[in-house]
Structures are given as structure tokens and as C-alpha cells.
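Protein chains: 4
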Amino acid sequence: MNVIVDLCVVPMGVGVSVGKYVAECQRVLEEAGLEHQLHAYGTNIEGEWDEVFAAIKQCHERVHAMGAPRITTSIKVGTRTDRTQTMQDKVASVRKK
Amino acid sequence: MNVIVDLCVVPMGVGVSVGKYVAECQRVLEEAGLEHQLHAYGTNIEGEWDEVFAAIKQCHERVHAMGAPRITTSIKVGTRTDRTQTMQDKVASVRKK
Amino acid sequence: MNVIVDLCVVPMGVGVSVGKYVAECQRVLEEAGLEHQLHAYGTNIEGEWDEVFAAIKQCHERVHAMGAPRITTSIKVGTRTDRTQTMQDKVASVRKK
Amino acid sequence: MNVIVDLCVVPMGVGVSVGKYVAECQRVLEEAGLEHQLHAYGTNIEGEWDEVFAAIKQCHERVHAMGAPRITTSIKVGTRTDRTQTMQDKVASVRKK
């Protein structure tokens, strides 16, 4: 099952600047070979359900290992059975209209 | 890694009433033996990361099998390494204050 | 326009325990006279669009005033024109199935 | 109070393709003169709290007026008092690391 995901990892208890934790999550996604696109309030990811969620779990493990005692993460997951759709398709479909 | 999750599954392309799909997701959580609590805009779930996310995947599979061609789901996931905390602890901690 | 909202306010840069900030948001909702229900990962709120969002803005103002330099909040908002529906209706509709 | 928002409007009861409703929301943001950036699972918006939330309300009004009987919307809102930060700053800060 293919998914398009929007991921926003928020480390808590590490002060106000969390850029280095978000950067670490980008590295997890790159190492996993997952298509992804950073935006101003999260990261879009595309791939197989199991691979994408394994990477999200690894983001939590790595961010805890960096010293964050608490993490609250928001995820949006889209799946469809009627047709395949990429992240680019979604943006292009809106732009066309 | 223990998680507290908030799950909101939104089937698309099946009309305006989605209660039966949400009820099916409740059954998935019960069958999985996961602690869970329905509220007016989602369901809180508590358990091991892998078990909780396996159940969420099954929610998507079942809701698609019921005929929904598209699903968009919102998930919040909380993990912490400083101490264990249950869903009840979280609510009680706020109430006490 | 009536709304059902799910609100989750996350103060950042104030350490790992955020219960007192969430409790303050509960007080904002009570003072506003809005129907609301705390759960383990947020608070359900019911009311007129403008009143509900004025209260949410006040939550940010109060939590900043308490010393939190940064806040990231998740909101889900549901509106419908086909019929009126309360928070209790939503839960009851799923339970019945 | 300046905000960075992530907005994802999901019309329900209108079938599986919702691109034209999302496109209408883009028009609302343009008419409001708000800085915004579409991505594959939502739209980032930057501006004053009241202007941004007035635009989000208008998105609901317009999408209902187009015939959608039900809408469920996800919003993330970030505010900070320690310094000003734009959408571009957030992305640049992660990229640099």
C-alpha cells in the first residue's frame, strides 16, 4: 500500500530551537531512500506504508538518542485504491485548477 | 517504545456519513487488544509502537475493503524516555492543576 | 457557523512538563463558556466559529504570557451544512454501530 | 501576533477528487494577500493571526457554497515571542544543518 505522508516531529524539553532534530529526521529519510520534500511546517514523504512508518519510528529513536526526553509528532497519511498519485500529482492537480 | 496516539481516520468518496467506517476501526483496535478511548474527533490509543501502527495500517486496509477509495488520516504520536505515562495520567495531570 | 474542534496546544522551550499550560487553556475555555471535553491528546470544543477561534487565540496569548516563548498548536475543525451535530452525537453515532 | 500556519481542508460528501475545492482555497488566500505556499499535503500560510484565521473561515464558507456538505480541516499554528521567523527561515534553518 503506497502512502503520501506529512510528518512534523516536535521534540519537547530541549529548548526553543529544534532545527537540528528536524535535520536529523531528514537524514533518516535520505538514508531510507524515501522520496521527501521539506516545507515550512513539516515534510512530505512518499513510499510503501511499512518503509515510511519504519523511518518515522527511527526519527523518534534518533531524536530521543540526541537527548530529547519527549516527542510529539503529527502525521497525515493518505492512501487510495482508485489510482496511483504522487506528491507532484497532488500539487499539479490543484495548480491546474 | 510505548506510545500514546490520537487517531482520526477520514474516508473520502463515500458520502457524508462515515460512522460505520470509524466503528470498524474501533473493532480493529479491540481485536488488537489495544487500550483505546473514542472521543468526538478521534480515538486515543496506548501501546507498543509496532502494535499500534500495525493496527492503524489495518484500519486503512479494512476501510478500503469496505469500499472507501480514498482515506486521509491524522495521527498524533507521543513518546517519552523520562518516564512512563498513560492516557489517564495525562488527563489527571491537567485536571489536578 | 457551528464548529466541532479538536485542540492540542504544545508550548515549547519550557521543559518537558506542560500540564499547567494545558490547564490554563481549560480555564480560557471555561471563561468563554464553551462546551469542551478534555481527552488524553487534546480537547474537543463545540461552538460558534468566531467564539471558538477567539478562545484559541487567547490560549496562545495566555500561554505566551506564562513564559512560553514558542507554541505549536494542532487544530481540527469540522463544519457541516447538511445537519447540526454535537460532540455527543458523533460519539453516539459510532458507538451505535 | 504573527503566525505560521499549515492548512489542510478536506471536503467530505463530494466524491474522491477534491482538487477544485483546494484550488478555491488558494484563491481565498491570494485575495486576502497572504503569503502562502502549496505543498503535497496542505498549504503553509504566514501573516497576522486575525487575517489568517479570517481567510481560513472564508475557505470553509466558500467550499460549503460550492456544494460540500461537510468539511474537516487540519490546522497547525506556530507562534513565538522570542524572535520573528518566516516560513523561509524555518526551511533554511533545517537545510543549513
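Residue numbers (UniProt numbering), protein chains in the order written: chain A, 1 to 97; chain B, 1 to 97; chain C, 1 to 97; chain D, 1 to 97. We treat Cβ as the ideally placed atom computed from N, Cα and C, and that holds for glycine. Predicted model, so just to flag it, every value in this text is computed and none were measured.
Taking Cβ positions, are residue i and residue j nearer each other than 8 Å?
| i | j | result |
| --- | --- | --- |
| Arg70(D) | Asp82(C) | yes |
| Pro11(B) | Ala65(B) | no |
| Lys20(D) | Cys8(A) | no |
| Leu29(D) | Ile4(D) | no |
| Ser93(A) | Ser74(C) | no |
| Glu31(C) | Val63(C) | no |
| Val22(B) | Leu34(B) | no |
CA-CA distance, residue i and residue j?
| i | j | result |
| --- | --- | --- |
| Ala40(B) | Gln88(C) | 7 Å |
| Glu61(C) | Met1(D) | 9 Å |
| Gln37(C) | Leu38(B) | 12 Å |
| Val18(C) | Glu48(D) | 26 Å |
| Cys59(B) | Gly15(D) | 20 Å |
| Arg80(A) | Lys97(B) | 44 Å |
| Thr86(A) | Val91(D) | 22 Å |
| Ala55(A) | Ile56(B) | 16 Å |
| Thr84(C) | Asp6(C) | 17 Å |
| Gly13(C) | Gly13(A) | 7 Å |
| Asp50(C) | Arg27(C) | 18 Å |
How about residue i: is its C-beta nearer than 8 Å to some C-beta of chain A?
| i | result |
| --- | --- |
| Val16(C) | yes |
| Arg27(C) | no |
| Thr86(B) | no |
Applying a beta-carbon distance threshold of less than 9 Å, which residues of chain A neighbour residue i?
| i | result |
| --- | --- |
| Val91(D) | Leu38, His39 and Ala40 |
Would you please state the rounded distance, in angstroms, between the beta carbons of residue i and residue j? I believe it to be under 8 Å.
| i | j | result |
| --- | --- | --- |
| Gly78(D) | Thr43(C) | The Cβ separation is near 19 Å, so there is no contact. |
Establish whether the CB of residue i and some CB of chain D are separated by less than 8 Å.
| i | result |
| --- | --- |
| Thr22(B) | The amino acid at residue 22(B) is misidentified as Thr; the sequence shows Val. Not one chain D Cβ lies under 8 Å of Val22(B). |
| Gly47(C) | no |
| Lys96(C) | no |
| Gly67(A) | no |
| Thr79(C) | yes |
At the 8 Å Cβ level, is residue i part of the contact set with chain C, yes or no?
| i | result |
| --- | --- |
| Gly13(A) | yes |
| Gly19(B) | yes |
Hey, does residue i have any beta-carbon neighbour from chain B nearer than 8 Å?
| i | result |
| --- | --- |
| Gln58(C) | no |
| Thr73(D) | no |
At 8 Å on the CB atoms, spell out the chain C contacts of residue i, in chain order.
| i | result |
| --- | --- |
| Pro33(B) | Per the sequence shown, residue 33(B) should be read as Gly rather than Pro. Neighbours of Gly33(B) on chain C: none; closest Cβ ~18 Å, over 8 Å. |
In chain C, which residues lie less than 9 Å from residue i when you measure between Cβ atoms?
| i | result |
| --- | --- |
| Met1(D) | Lys57, His60, Glu61 and His64 |
For a contact defined as C-beta to C-beta under 9 Å, what are the partners of residue i on chain D?
| i | result |
| --- | --- |
| Val52(B) | Neighbours of Val52(B) on chain D: none; closest Cβ ~20 Å, over 9 Å. |
How would you list, in chain order, the residues of chain E whose beta-carbon sits under 8 Å from the beta-carbon of residue i?
| i | result |
| --- | --- |
| Val10(D) | Reference to chain E is not applicable here, since the protein chains of this structure are A, B, C and D. |
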